[in-house]
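Per UniProt numbering, the sequence shown starts with residue 1, numbered consecutively. For each residue, glycine too, the CB sits at the ideal point set by N, CA and C. One structure is given here, and the rest of the page talks about it.
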Amino acid sequence: TIAVIGTPISEVYPRENAELQRKIAEEYLVVSQVPVLRYLSQTWKGNRFFFPERNKTMSALTQATVIIEAGETSGTLIQAQAALNQGRKLFILESNFNNPAITWPHKY
């Protein structure tokens with residue numbers, strides 16, 4: 001188990017995940033490429049841009065990305081594109097292609 005987080009290792013987001021993050025760090029691995037000083041010097045609006053980088057890192061650590069469900073503006077789509085750019089496999093459940101409320105699956 002590897003948890004890739006969009007905050008510095010010393011931070012927990014959302015707060016209710018504190019115990020889970022502690023347990024994974026203790027028994028497995030928690031990784032982050034978020035610089036602590038930059039994170040602490042910015043507002044939450046600035047820090048939200050670390051999450052797309054997290055998605056790229058998650059893709060880099062895997063052989064494939066599987067998309068179960070994602071909206072049109074989901075960060076999952078950043079991971080999908082990263083997977084393809086990194087030469088990884090991308091699997092998209094058929095239900096996404098059949099969902100008339102979204103158009104993104106047809107781009108892949």
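Check residue i in the structure and name its three-state DSSP category.
i   : result
L77 : helix
A70 : coil
T62 : coil
I2  : strand
F91 : strand
V36 : helix
State buried or exposed for residue i, treating a residue as buried only when at least 16 other CB atoms are found within 10 Å of its CB.
i    : result
W104 : buried
N47  : buried
G71  : exposed
S59  : buried
A18  : exposed
A82  : buried
A101 : exposed
Does the distance from the CB of residue i to the CB of residue j come in under 8 angstroms?
i   : j   : result
G87 : N55 : no
T1  : Y28 : yes
Apart from the five residues on each side of it in sequence, which residues of its chain come closer than 6 angstroms, Cβ to Cβ, to residue i?
i   : result
V78 : The sequence as given places Ile at residue 78; Val does not occur at that position. The answer, listed in chain order, is P52, N55.
I'd like to know if the stretch 57–69 and the stretch 86–104 are in contact, where contact means that at least 3 CB-CB pairs between them fall below 8 angstroms. yes
Could you tell me whether the stretch 29–37 touches the stretch 7–19, where touching means 3 or more Cβ pairs closer than 8 angstroms? yes
Does the stretch 43–63 come within contact of the stretch 17–35, defined as at least 3 CB pairs closer than 8 angstroms? yes
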